[in-house]
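Engineer: Please find one structure pasted underneath; my questions will follow.
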Amino acid sequence: MELDGKKLSKEIKEKIKVEVSSIKEKYGKTPGLAIVLVGENPASKIYVNSKIKGCSELGFESFAHFLPEDTKEEELLNVIEELNKDENVNGILVQLPLPKHIDEKKVIDKISLEKDVDGFKPENFGLLMLNDKKSIKPCTPAGIIEILKSYSIELEGKDVVILGRSNIVGKPMAGLMINEGATVTICNSKTKNLVEKTKKADIIVVAIGKAKFLTADMVKDDVVVIDVGINRTENGLFGDVDFEDVSKKASYITPVPGGVGPMTVAMLFHNTLRAFKNINNID
2 MELDGKKLSK EIKEKIKVEV SSIKEKYGKT PGLAIVLVGE NPASKIYVNS
52 KIKGCSELGF ESFAHFLPED TKEEELLNVI EELNKDENVN GILVQLPLPK
102 HIDEKKVIDK ISLEKDVDGF KPENFGLLML NDKKSIKPCT PAGIIEILKS
152 YSIELEGKDV VILGRSNIVG KPMAGLMINE GATVTICNSK TKNLVEKTKK
202 ADIIVVAIGK AKFLTADMVK DDVVVIDVGI NRTENGLFGD VDFEDVSKKA
252 SYITPVPGGV GPMTVAMLFH NTLRAFKNIN NID
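Reminder that position 122 of the sequence shown reads as 123 in my numbering, one-by-one numbering, no gaps.
Now the structure itself:
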């Protein structure tokens with residue numbers, strides 16, 4: 002069965018819209034998301050414009066900052082500092098990747114903890130590992146947990162294999178799975194006997210950045226497969242999973258597109274609302 006992230010993301014956004022309307026009526030306040038884009042990356046522009054549109058649809062305020070490619074690192078850090086001070090801004094999203102002359106780590110470090118709606122700051126990662134209920138979790142892993150829960154897929158006691166150890170997906174995904182009571186193995190390009198590990202897995206999350214990397218001979222029957230990859234090739238758009246073959250063995254699988262992607266965006270708005278509530282002490 003396909004795990005429909007598109008449908009679920011619409012349901013989550015609809016709930017957020019209702020809650021934002023209720024908060025505005027009760028408190029006279031609106032969650033605000035600042036979105037910063039440096040340069041002219043066409044894919045990044047599409048992402049940013051869709052997020053601005055999303056803010057408008059859900060009743061959020063959006064504060065867009067489009068900066069030229071040659072913006073100095075110090076200038077960007079100053080923009081973030083101003084947004085940190087702005088009481089109307091509850092979340093700050095700096096669209097990655099940044100131009101090469103700007104240090105991404107410095108930029109993420111500059112965003113104040115309570116406005117880190119990407120959940121990338123080391124402090125938020127630590128709170129995630131401690132299973133802190135008010136922590137802001139990275140959007141993609143948090144979206145994956147929502148998909149699994151919405152389809153009543155049991156995580157407690159399950160063997161989970163995560164392919165990829167990035168700070169954005171692999172590592173926080175492991176933390177969230179551990180918090181749900183799963184037994185987790187993180188694999189990477191150096192992992193020995195990879196197929197032995199994937200064949201034993203009840204759930205596999207693939208975030209490795211290689212088109213059709215996970216094939217049917219690497220999985221057992223009735224496995225649950227979450228495909229995080231988006232690979233643009235000359236033959237079209239593919240995930241990290243060979244969907245056609247693996248889907249014949251899997252009990253549940255996310256399609257690409259329409260699986261994890263829409264949930265990542267939905268969780269950004271969920272995180273912004275969470276940040277707004279944390280800042281304003283609203284439960």
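Backbone N, C-alpha and C define an ideal beta-carbon position, used for all residues, glycine too.
Taking the C-alpha atoms as reference points, what is the distance between G259 and N180?
Structural biologist: Here residue 259 corresponds to residue number 258 of the sequence shown, with the count starting at 1. Here residue 180 corresponds to residue number 179 of the sequence shown, with the count starting at 1. G259 and N180: Cα-Cα distance of roughly 26 Å.
Engineer: Of all the CB atoms in chain B, is at least one closer than 8 Å to the CB of I146?
Structural biologist: Note that chain B does not occur in the displayed structure, where there is just one protein chain.
Engineer: To the nearest angstrom, how far is the alpha carbon of L84 from that of N50?
Structural biologist: Residue 84 sits at position 83 when you count from the first residue of the sequence shown. Residue 50 sits at position 49 when you count from the first residue of the sequence shown. Going by the C-alpha atoms only, they are around 19 Å apart.
Engineer: Taking the Cβ atom as the reference point for each residue, do K25 and G55 lie within a distance shorter than 8 Å?
Structural biologist: Residue mapping note: residue 25 aligns to position 24 of the sequence shown, counting from 1. Residue mapping note: residue 55 aligns to position 54 of the sequence shown, counting from 1. Going by C-beta atoms, K25 is not nearer than 8 Å to G55.
Engineer: What residue does the beta strand (DSSP E) around T186 start on, and which one ends it?
Structural biologist: By one-based count along the sequence shown, residue 186 stands at place 185. 184–188 is the span of the beta strand (DSSP E), which, as asked, contains T186.
Engineer: Would DSSP call K28 helix, strand or coil?
Structural biologist: Within the sequence shown, numbered from 1, the residue matching residue 28 stands at position 27. The amino acid at residue 28 is misidentified as Lys; the sequence shows Tyr. It is helical.
Engineer: Are the beta-carbon atoms belonging to M219 and K200 less than 8 Å from one another?
Structural biologist: Taking the sequence shown and counting its residues from 1, the one referred to as residue 219 is at position 218. Taking the sequence shown and counting its residues from 1, the one referred to as residue 200 is at position 199. Yes; because the gap between Cβ atoms is below 8 Å, this pair is in contact.
Engineer: By the 10 Å Cβ neighbour count, where 16 or more other Cβ atoms means buried, how is A267 classified, buried or exposed?
Structural biologist: One-based indexing of the sequence shown puts residue 267 at position 266. When all chains shown are included, A267 counts as buried.
Engineer: What is the DSSP secondary structure of E3, reduced to helix, strand or coil?
Structural biologist: Position 2 of the sequence shown, counting from 1, holds the residue named residue 3. Looking at E3 - three-state DSSP - the assignment turns out to be strand.
Engineer: Contact defined as beta carbons within less than 8 Å: I believe E147 pairs with M2. What is the distance between those atoms, to the nearest angstrom?
Structural biologist: Counting from 1 along the sequence shown, the entry for residue 147 is found at position 146. Counting from 1 along the sequence shown, the entry for residue 2 is found at position 1. E147 to M2, Cβ: 17 Å. No contact.
Engineer: Starting from the C-beta of A65, find all residues in its chain whose C-beta is less than 6 Å away, skip the five residues before and the five after it, and write them out in chain order.
Structural biologist: Walking along the sequence shown from the start, residue 65 turns up at place 64. Only I36, I53 meet the Cβ criterion.
Engineer: DSSP three-state label for R233, please.
Structural biologist: Mapped onto the sequence shown, residue 233 falls at position 232. Residue state, collapsed to three classes: strand.
Engineer: From this set, D5, E70, P32, I17, which residue's C-alpha is nearest N279's C-alpha?
Structural biologist: The residue given as residue 279 occupies position 278 in the sequence shown. The residue with the shortest Cα to Cα distance from N279 is P32.
Engineer: Say whether the stretch 192–199 touches the stretch 165–180, bearing in mind that this needs 3 or more beta-carbon pairs closer than 8 Å, one atom from each stretch.
Structural biologist: At 8 Å Cβ cutoff, the stretches do not touch.
Engineer: Just to confirm before moving on: does the CB-CB distance between V118 and L99 stay below 8 Å?
Structural biologist: Taking the sequence shown and counting its residues from 1, one reaches residue 118 at position 117. Taking the sequence shown and counting its residues from 1, one reaches residue 99 at position 98. Their beta carbons are not under 8 Å apart, which means V118 does not touch L99 by this criterion.
Engineer: When DSSP builds the beta bridges, which residues end up paired with S63?
Structural biologist: Here residue 63 corresponds to residue number 62 of the sequence shown, with the count starting at 1. DSSP lists L34 as partners of S63.
Engineer: Going by DSSP, what residue range makes up the beta strand (DSSP E) through L164?
Structural biologist: Numbered from its first residue, the sequence shown carries residue 164 at position 163. 160–164 is the extent of the beta strand (DSSP E) around L164.
Engineer: Span of the beta strand (DSSP E) holding V225?
Structural biologist: Locating residue 225 in the sequence shown gives position 224, counting from the first residue. Looking at the DSSP string, the run of the beta strand (DSSP E) that includes V225 is 225–228.
Engineer: Based on the DSSP secondary-structure assignment, which residues constitute the bridge partners of G92?
Structural biologist: Taking the first residue of the sequence shown as position 1, residue 92 is located at position 91. DSSP lists L34 as partners of G92.
Engineer: Look up V80 in the DSSP assignment and say whether it is helix, strand or coil.
Structural biologist: Numbered from 1 along the sequence shown, position 79 holds the residue referred to as residue 80. Helix, per DSSP.
Engineer: For I280, report the span of its alpha helix (DSSP H) as first-last.
Structural biologist: If you number the sequence shown from 1, residue 280 lands on position 279. Element bounds for I280: 261–280.
Engineer: Please state whether DSSP places V108 in a helix, a strand or coil.
Structural biologist: Taking the sequence shown and counting its residues from 1, one reaches residue 108 at position 107. Here V108 sits in helix by DSSP.
Engineer: State buried or exposed for L238, treating a residue as buried only when at least 16 other CB atoms are found within 10 Å of its CB.
Structural biologist: Residue 238 sits at position 237 when you count from the first residue of the sequence shown. Per the 10 Å Cβ criterion, exposed.
Engineer: Excluding the 5 residues preceding and the 5 following K116 in the sequence, name in chain order all residues of the same chain whose CB lies nearer than 7 Å to its CB.
Structural biologist: Counted from its first residue, the sequence shown places residue 116 at position 115. Excluding sequence neighbours, K116 sits near N85, V90, N91, G92, I93, A276.
Engineer: Taking Cβ positions, are G137 and K111 nearer each other than 8 Å?
Structural biologist: Translated into positions along the sequence shown, residue 137 becomes position 136. Translated into positions along the sequence shown, residue 111 becomes position 110. The residue you asked about is not Gly; residue 137 is Ile in the sequence shown. No, the pair does not count as a contact, with Cβ atoms beyond the cut-off.
Engineer: Helix, strand or coil for Y152, going by three-state DSSP, please let me know.
Structural biologist: Residue mapping note: residue 152 aligns to position 151 of the sequence shown, counting from 1. Coil, per DSSP.
Engineer: Does the distance from the C-beta atom of D243 to that of G210 stay below 8 Å?
Structural biologist: The residue labelled residue 243 in the question sits at position 242 within the sequence shown. The residue labelled residue 210 in the question sits at position 209 within the sequence shown. Not in contact: D243 and G210 (Cβ atoms no closer than 8 Å).
Engineer: Quick check on this structure: which residue in E88, D104, P123 has the alpha carbon closest to the alpha carbon of K30?
Structural biologist: For the purposes of this step, residue 30 is identified with residue 29 of the sequence shown, where counting begins at 1. Checked all of E88, D104, P123; the closest Cα to K30 is E88.
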